[in-house]
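Written out below as structure tokens is the structure these notes cover.
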Amino acid sequence: MHEQQIAPASSSRRDALRAGAAVTLSGIAGGCATATGILPVVPPAAKVVQDSSQVATTPASPGAVMPQKAEDKPTFVSEARDPVAYSRADNLFWNDVMMEHAQFFQMLMWGPELEAERRQAEDFQRVFADLLRQSGGVSRENHVAFNRRSIDQARRFSDWKKTMEQRQASGRMHSLVFPLFFTHTAREADRFAARLDQYNRGSIELDRREVIDFWTKTMGEHAGFIVQLLDPNELLLIDQARKLEESFLRQGFRDVAGDEVMKAGREILDFKTVGEKGIRNGRIRSVIHPSLASHVRREAVRFIDELRRA
Ligand SMILES: [Fe+2]
Ligand SMILES: [Fe+2]
């Protein structure tokens, strides 16, 4: 059981922050190094208990079903080392991710002037919800054809995200979606399609450098989004998110073969895990929807799983 009590339940929020600052200083004084420089590793402002289900993976067995509610969603991973099992797990995981991207866009594209774009996002949501419903049924007989359907839709969605990115970045569209959020989610769609394409050619191999490149970009950008979406008063968490962003995006990890990347992965997963709980129960102030907090946490679980396999 991976449980961490972040601060005594009886202490006030201010006390928890003060205690956090004290731990931070003693951490530095004690030479306690973390891969990302966030000390302590778990944000002390979140007086929450991290539970094992938030950091666990779930083998994608035949007939697996993705629950509707974000907090109930498992992080599906492949149960065996073959293209069929990988196809089932990736379809379950990524079709859900794609569906959620479409939901986030709808939340952030509001008002009558964005009605057409919202409808398009709604259509993508339906397409991926439909694929997701069938993903547990991926089998030896149907996996190549099913993967092809997912690849086509993921590429179509990626193109749409890239078009939206250009419109938002050039000032032709004024939604609440950051241009980088379109770029980020398009990259995830491209990665999903590329992996399925690989399975259809009979290979499941993970290239460790590619895994690190894709996921460190992904984790770093998540941290950057979190910085922008936290309440400006959440100074400690903003500082920790900035350090994570810096580590993943700019500092890089030279220790590709060692455990430095894994350590950093666990640190951002811890940060997101307590963050999700704190956001859900109102202990962390932000404009981060709990389903987005859950989404980025599940992607961190996936990152660690792939790193272990690569
Ligand atoms: Fe995502
Ligand atoms: Fe992401």
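Numbering (my numbering), first residue to last: 1272 to 1581. Each residue gets a CB set at the ideal place from its N, CA and C atoms; glycine is no exception. Small disclaimer: the values here were computed from a predicted structure and weren't measured.
Shown here, phenylalanine 1347 sits in a strand according to DSSP, grouped into three states. Per DSSP, the beta-bridge partners of proline 1330 are Val1348. Put simply, of Val1482, Pro1503 and Leu1507 the residue whose alpha carbon is nearest the alpha carbon of glycine 1536 is Val1482. Taken through DSSP and simplified to helix, strand or coil, serine 1358 comes out as helix. Excluding sequence positions up to five before and after arginine 1580, its CB lies within less than 6 Å of the CB of Leu1477, all in the same chain and listed in chain order. According to the DSSP assignment, alanine 1392 belongs to the alpha helix (DSSP H) that extends over 1386 to 1406. The alpha helix (DSSP H) runs of length 4 or more contained entirely in the segment 1445 to 1514 are, from start to end of the chain, 1450 to 1471 and 1479 to 1500. Around the C-beta of tryptophan 1431, 16 or more other C-beta atoms lie within 10 Å, and the residue is accordingly described as buried.
Glutamate 1516 sits close to glycine 1495, with the two beta carbons spaced by under 8 Å. In the assembly as shown, glycine 1491 is a buried residue. Its beta-carbon has 16 or more other beta-carbons within 10 Å. Residue state for serine 1324 is assigned as helix, using DSSP reduced to three classes. Exclusion of the five residues before and after arginine 1513 leaves Ala1494 and Val1498 as the residues of its chain whose Cβ lies within less than 8 Å of its Cβ.
If you check the CB distance, alanine 1457 and serine 1429 come in under 8 Å. For the pair of segments examined, the segment 1340 to 1358 was found not to touch the segment 1443 to 1463: the number of CB pairs separated by less than 8 Å stays below three.
Serine 1557 is a Cβ neighbour of aspartate 1502, given a cutoff of 8 Å. Contact between the segment 1368 to 1388 and the segment 1437 to 1449 is present, with at least three C-beta pairs closer than 8 Å. In the three-state DSSP reduction, serine 1557 falls in the strand class (E or B).
In this structure, the alpha-carbon of leucine 1467 lies about 14 Å from that of methionine 1369. Taken from the Cβ of threonine 1346, every heavy atom of ligand 1 lies 7 Å or farther away.
Taking a C-beta distance under 8 Å as the contact criterion, phenylalanine 1524 and valine 1532 qualify as a contact pair. Closest option to tryptophan 1486, judged by alpha-carbon separation, among His1566, Arg1443 and Phe1574: Phe1574.
A distance of 8 Å or more separates the beta carbons of aspartate 1530 and valine 1348. For the pair serine 1474 and alanine 1306, the CB atoms are not nearer than the 8 Å cut-off. Glutamine 1437 carries a helical assignment under DSSP once its states are collapsed to helix, strand and coil.
For phenylalanine 1519, no alpha helix (DSSP H) run applies, since DSSP gives it neither H nor E.
Contact between alanine 1331 and arginine 1359 is confirmed by a C-beta separation of about 5 Å, below the 8 Å threshold. Counting only residues of its own chain and dropping the five nearest sequence neighbours on each side, glutamate 1547 has a CB closer than 6 Å to the CB of Ala1564, Ser1565 and Arg1568.
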